[in-house]
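Protein chains in written order, with the working numbering: chain A, 1 to 506; chain B, 1001 to 1614. Yeah, the Cβ is synthetic: ideal placement off N, Cα and C, and Gly gets one too. What you are looking at is a predicted structure, and each value in this text was computed from that prediction instead of being measured.
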């Protein structure tokens, strides 16, 4: 079993009616999110910690993670709660008149700001039309996040610290729908990785220096924002290989030749991929299952054996988290303490109290089932699975789709089929200049568990499942795909190189 | 049929796409030549002269020689020629020894030359001259790279993939790492390495156009054809109606040869390489291909039965060129056909051409074109078939059980024939190159490649259109300007489609230290000079040229080729990086944004907005 940190005090999370998924993977892996939102949430935490001068340094105290994220209500109102601006601009009044009209309109509309006075903007911008042009320019960089209707959940591109803020509801209360805590987990993972010290300066560079960041700073008045302390997350492991894998990819992308902002979509995608791996790798340990792998189909025009294998591989991996929940509960039932209590004088209440201690269930006077401890365990399993299915079970599918690994393209069932964008991210993060193609396939298997070619497939599949020809063709399709994307050079029959398109061209 | 002509044709079949073990190619060809008692094809490899110069008495220095390339580039053949050039006898050479030595005077004194015919087939255990085992031999080879005046030099022939692999695996042999770096630099970057000396001949670097010239000439000039004319049998082999004879006559015609050569030039401009062996395969298939023959290649004995059955005309050289006579699997597995099919000839078309094909015989204005282009290209039997199909189609276009009407599928063959029939003088009028995927190929050859080679520059309008295409990709907007290159950056990186921040405008016409021009090179190269001594260049292969011209003509940058789009964006990044290097960032207290927009005519306008930071 993996060595975990002690669970947090119960009262830190009064909303949680059970504590199983959280103890296995952390509080929490939230499914209803996208890689960009996780990335933005992470940046918000990092910015707050950098302000406190302890970026990626938990100073020996891994729990709790407390930080004071910015809210930046002035900017958000200007960018996203500013319907009058364009209307007034169209009226083409004199500069002074436009400013007057707009300032009074925004003062009426604005929400969440301590002082309803935006007149500081007048000194900073040479004219109202200048101001309008720049605001429109910034709006164009908004991160698209699906049908996000409320203005307080719209996020501008993370140019720097002044572009970062936490998710709020319309009443300016912190909500956990869009920033559902995986970003905080990512922060803690990087913090606990072996590359934390090297990463910290790279992340600091992400926070300052861009002209748009300075522009956003000028759109805020000079004041000390009243910040609330947040920090609700819990990561159960002090160390884990996936933390180091994640950190290594971050370091490689941030230090590479990519211009900084160009690296962001790749960072977001690979973070989602590593979180997915984290969930499955941890689950596999609890289930005593072998380390998970991912059979990737490079999209073929018709159904191939690789597709079949990929579909069943996906379905098998999809069951790992729920099996881990069962295994966790079984382990409780097999533990010495449980046995001791079961053989004691009052087995049922004693066992029940043990459960309450470990998994915070059942609610003290609420249990109405049979007074039998094995029934109790079975009931726990049922309830835990139902709770698991609501969100944590969907993480595999959701993060997989977000990263570009899981898709239904060309077929009706989900399976692993990496998109061009994911392939590019993997190459940019792992290939410095050029790498032999078969070495690349081997690296994808060793680092990420991705199985594409025959040499890797033969290591994980049984004899009757393994079909050499179809994996060879799968690999050939990947070669062709990479060639059309300009990331592979074929010198002759035996010799193909994967190339990092930036290192080679520049 | 047993005369020289018939034997020659049967021998020629051996070059075609029959299944055969490629490793024994040379040997089998030689044996076939003996069996049929014909002279095998012989022509000097383009690199032969340079190779001989490297081992001549008057060479400047003696160094080892690497002969690399893909299978079929002619490495074994060249080794053999080298052997005889150095004084060895050809009998000794054909004895199939993988390693042979010979003494010769090179660069002023006598040395020993060890020839390794095929590096990968060299067994690990074995006696090679005075060395035991492959590793010992490799060690000596390595030494010869790094000594200034070696006693022993080596000629090593290996496929390019296995060349580097061998050295990488032989890590324990002394000097292997240095040798690997030396060879990798020569192979991948094509320039001489800084440390060590080797005469590196990459046979894959020979242009396709050179190869097609040599091979066509060698085949067409073979005495077997003259003999075939004399042996012509009535209604049989090499009669008037014989498809082999027909194909030979088309192949020898200047019109066909010149169009074929243009296709090979375009393959060069697309950075595609095809080895000599495959070009010979192509020519044999062109002449002899027939979907119903054994191995899909005709022999002299097939001609009479095919003629009698009225099926001989299916052996159409224009279809055989694209491998239409082969199974789809075989066609896709042979690179040369895959390359040629990439042009899309036969599938692309224009309304004008299709009108000629469908309505030509019955329409007055179109009839002259029909006569010159179609009737001239097909034998009478084929024309009869086509005529019947066409009439059936025109009467009842919908009357088919499944798929499309057979007349429509026959259009592919007709378009292919027309592609070769249209003369250079008609190419503009009939828009010859619209019959291919590369609509601007003709312009590329005529208005870019040729002028660059002749006078070193191209017309302003070409540069202007290229710049316009670049501008549309650089900015992500439908901008219209060809007088300056707009270097625009996106706010949030290149991932966003729109690049609104204007960094700089570079004038096309020379102005102070700025200019944009096309220069000659292995490929036409677009060079942007942004400051004195600072240039950034973009090589224009055929695909990139086509892409830029299509974008300039209104196509979206996301279409036609993803790779090209990325390439052009990388070019922009290189220019941006050059700007940052040449203009060090000044400490600026003010904040300003130069926002790019378009006016009503699509011309770029930029607006500088300043923000007060006080």
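inquiry  = Give me the residue from A:358, A:180, A:281 with the minimum Cα distance to residue 289 of chain A.
reply    = The residue labelled residue 289 of chain A in the question sits at position 289 within the first chain. Cα-wise, what sits closest to residue 289 of chain A is A:281.
query = DSSP on residue 1114 of chain B, reduced to helix/strand/coil?
reply = Here residue 1114 of chain B corresponds to residue number 114 of the second chain, with the count starting at 1. In this structure, residue 1114 of chain B counts as strand in the three-state DSSP scheme.
message = Is any non-hydrogen atom of the ligand FAD found closer than 6 Å to the C-beta of residue 34 of chain A, if you look at the structure I gave you?
response = You won't find the ligand FAD in this model; it holds no ligand whatsoever.
task = Say whether chain B places a C-beta atom closer than 7 Å to the C-beta of residue 410 of chain A.
result = Numbered from its first residue, the first chain carries residue 410 of chain A at position 410. It does not: the Cβ of residue 410 of chain A has no partner Cβ on chain B nearer than 7 Å.
query = Taking the C-alpha atoms as reference points, what is the distance between residue 506 of chain A and residue 1573 of chain B?
reply = Residue numbering aside, residue 506 of chain A sits at position 506 when the first chain is read from its first letter. Residue numbering aside, residue 1573 of chain B sits at position 573 when the second chain is read from its first letter. Here residue 506 of chain A scores only 48 on pLDDT, less than 50, and its place in the model is too uncertain to base an answer on.
key: Alpha carbon of residue 1019 of chain B to alpha carbon of residue 310 of chain A, nearest angstrom   = Within the second chain, residue 1019 of chain B is the residue found at index 19, counting from 1. Within the first chain, residue 310 of chain A is the residue found at index 310, counting from 1. Near 35 Å, if we compare the C-alpha coordinates of residue 310 of chain A and residue 1019 of chain B.
request  = Flag this pair as touching only if the stretch 298-313 of chain A and the stretch 460-480 of chain A have three or more C-beta atom pairs under 8 Å; answer yes or no.
outcome  = yes
ask   = Under three-state DSSP, which class holds residue 1539 of chain B?
value = Position 539 of the second chain, counting from 1, holds the residue named residue 1539 of chain B. Reduced to three states, the DSSP call for residue 1539 of chain B is strand.
Terminal residues of the alpha helix (DSSP H) in which residue 189 of chain A lies = For the purposes of this step, residue 189 of chain A is identified with residue 189 of the first chain, where counting begins at 1. Residue 189 of chain A -> alpha helix (DSSP H) spans 182-192.
message = So, for residue 1594 of chain B: in the same chain, excluding its five sequence neighbours on each side, which residues have a beta-carbon less than 7 Å away from its beta-carbon?
response = Counted from its first residue, the second chain places residue 1594 of chain B at position 594. If you ignore the 5 residues before and after residue 1594 of chain B, its C-beta comes within less than 7 Å of the C-beta of 1501, 1502, 1606, 1608, all in its own chain and listed in chain order.
query = How many angstroms separate the CA atom of residue 1348 of chain B from the CA atom of residue 1322 of chain B?
reply = Reading the second chain from its first residue, position 348 is the one you call residue 1348 of chain B. Reading the second chain from its first residue, position 322 is the one you call residue 1322 of chain B. About 14 Å.
message = Going by DSSP in three states, residue 1152 of chain B sits in which element: helix, strand or coil?
response = Taking the second chain and counting its residues from 1, the one referred to as residue 1152 of chain B is at position 152. Residue 1152 of chain B falls in the strand class under three-state DSSP.
query = Which one of B:1600, B:1409, B:1398, B:1240 has the shortest CA to CA distance from residue 1319 of chain B?
reply = As a position in the second chain, residue 1319 of chain B is number 319, starting the count at 1. Residue B:1409 is the option with its Cα nearest to residue 1319 of chain B.
request  = For residue 1611 of chain B, go through chain A and note every residue whose CB falls closer than 7 Å to its CB, in chain order.
outcome  = As a working note, residue 1611 of chain B is residue 611 in the second chain. In chain order: 124, 125, 215, 218.
ask   = Roughly how many whole angstroms lie between the Cα atoms of residue 1581 of chain B and residue 1533 of chain B?
value = As a first step, residue 1581 of chain B is located in the second chain; it is residue number 581 there, counting from the start. As a first step, residue 1533 of chain B is located in the second chain; it is residue number 533 there, counting from the start. Distance between the alpha carbons of residue 1581 of chain B and residue 1533 of chain B is about 12 Å.
request  = Determine the direct distance from the alpha carbon of residue 1481 of chain B to that of residue 114 of chain A, and round the result to whole angstroms.
outcome  = As a first step, residue 114 of chain A is located in the first chain; it is residue number 114 there, counting from the start. As a first step, residue 1481 of chain B is located in the second chain; it is residue number 481 there, counting from the start. The alpha-carbon atoms of residue 114 of chain A and residue 1481 of chain B are separated by roughly 49 Å.
query = Under 7 Å between the Cβ atoms of residue 460 of chain A and residue 278 of chain A?
reply = In the first chain, counting from the first residue as 1, residue 460 of chain A sits at position 460. In the first chain, counting from the first residue as 1, residue 278 of chain A sits at position 278. Cβ atoms of residue 460 of chain A and residue 278 of chain A: not closer than 7 Å.
message = Taking the beta strand (DSSP E) that residue 1519 of chain B belongs to, which residues open and close that run?
response = Here residue 1519 of chain B is taken as the residue at index 519 of the second chain, counted from 1. Start and end: 1515-1519.
query = Are the C-beta of residue 1476 of chain B and some C-beta of chain A separated by less than 7 Å?
reply = Counting from 1 along the second chain, the entry for residue 1476 of chain B is found at position 476. So, not an interface residue.
task = Can you tell me which of the three DSSP states residue 461 of chain A falls into?
result = Within the first chain, numbered from 1, the residue matching residue 461 of chain A stands at position 461. DSSP places residue 461 of chain A in coil when its eight states are reduced to three.
message = Helix, strand or coil for residue 990 of chain B? Go by DSSP, reduced to three states.
response = Here chain B covers residues 1001 to 1614 and nothing more, so residue 990 of chain B does not appear.
task = Classify residue 506 of chain A as helix, strand or coil using the three-state DSSP reduction.
result = For the purposes of this step, residue 506 of chain A is identified with residue 506 of the first chain, where counting begins at 1. Because the pLDDT at residue 506 of chain A is just 48, under 50, the model does not fix this residue reliably, and the value given afterwards should be weighed accordingly. Of the three classes helix, strand and coil, the one that applies to residue 506 of chain A here is coil, per DSSP.
key: is_contact[residue 261 of chain A, chain B] using C-beta, thresh 7 Å   = Here residue 261 of chain A corresponds to residue number 261 of the first chain, with the count starting at 1. Judged by the 7 Å Cβ criterion, residue 261 of chain A is in contact with chain B.
task = Count the other CB atoms, across all protein chains shown, that sit within 10 Å of the CB of residue 1294 of chain B; report buried if there are 16 or more and exposed otherwise.
result = Here residue 1294 of chain B corresponds to residue number 294 of the second chain, with the count starting at 1. It counts as exposed.
message = I want to see whether chain B comes within less than 7 Å of residue 256 of chain A, judged by CB atoms only; does it?
response = For the purposes of this step, residue 256 of chain A is identified with residue 256 of the first chain, where counting begins at 1. No, residue 256 of chain A lies away from the interface with chain B (no Cβ there is under 7 Å from its Cβ).
query = With 16 as the cutoff for other CB atoms within 10 Å, does residue 1298 of chain B come out buried or exposed?
reply = For this step, residue 1298 of chain B is matched to residue 298 along the second chain. That one is buried.
request  = Pick out whichever of B:1434, B:1201, B:1015, B:1514 has its Cα sitting closest to the Cα of residue 1184 of chain B.
outcome  = In the second chain, counting from the first residue as 1, residue 1184 of chain B sits at position 184. For the residues B:1434, B:1201, B:1015, B:1514, the minimum Cα distance to residue 1184 of chain B belongs to B:1201.
inquiry  = Rounding to the nearest angstrom, what Cα-Cα distance links residue 490 of chain A and residue 1159 of chain B in this structure?
reply    = Sequence index remark: in the first chain, residue 490 of chain A carries index 490 (1-based). Sequence index remark: in the second chain, residue 1159 of chain B carries index 159 (1-based). Looking at the two C-alpha atoms, the distance is approximately 13 Å.
inquiry  = Beta carbons nearer than 9 Å to chain A: which residues of the stretch 1145-1173 of chain B have them?
reply    = 1159, 1160, 1161, 1162, 1163, 1164, 1165, 1168
query = Apart from the five residues on each side of it in sequence, which residues of its chain come closer than 6 Å, Cβ to Cβ, to residue 407 of chain A?
reply = Taking the first chain and counting its residues from 1, one reaches residue 407 of chain A at position 407. Leaving aside the five residues that flank residue 407 of chain A on each side, the residues in its chain whose CB is nearer than 6 Å to its CB run, in chain order, 417.
ask   = For residue 361 of chain A, which of A:339, A:384, A:241 has the nearest alpha-carbon?
value = As a first step, residue 361 of chain A must be located in the first chain, where it is residue number 361. Nearest option by C-alpha distance: A:384.
key: Where residue 413 of chain A falls, given that 16 or more other Cβ within 10 Å makes a residue buried   = Here residue 413 of chain A corresponds to residue number 413 of the first chain, with the count starting at 1. Burial call: exposed.
message = Give the list of continuous beta strand (DSSP E) stretches no shorter than 3 residues that lie fully inside the stretch 39-102 of chain A.
response = none
ask   = Can you find a C-beta in chain B that's less than 7 Å from the C-beta of residue 506 of chain A?
value = As a first step, residue 506 of chain A is located in the first chain; it is residue number 506 there, counting from the start. Any reading at residue 506 of chain A must be qualified, since the residue scores a pLDDT of 48, below 50, and its modelled position is unreliable; the value itself is stated next. Output row for residue 506 of chain A: interface = yes.
ask   = Can you find a C-beta in chain B that's less than 7 Å from the C-beta of residue 105 of chain A?
value = The residue given as residue 105 of chain A occupies position 105 in the first chain. Taking 7 Å as the CB threshold, residue 105 of chain A stays off the interface with chain B.
ask   = Which residue's Cα is closest to the Cα of residue 1006 of chain B: B:1292, B:1213, B:1244, B:1130?
value = By one-based count along the second chain, residue 1006 of chain B stands at place 6. Looking at the Cα atoms, B:1244 is the closest of the given residues.
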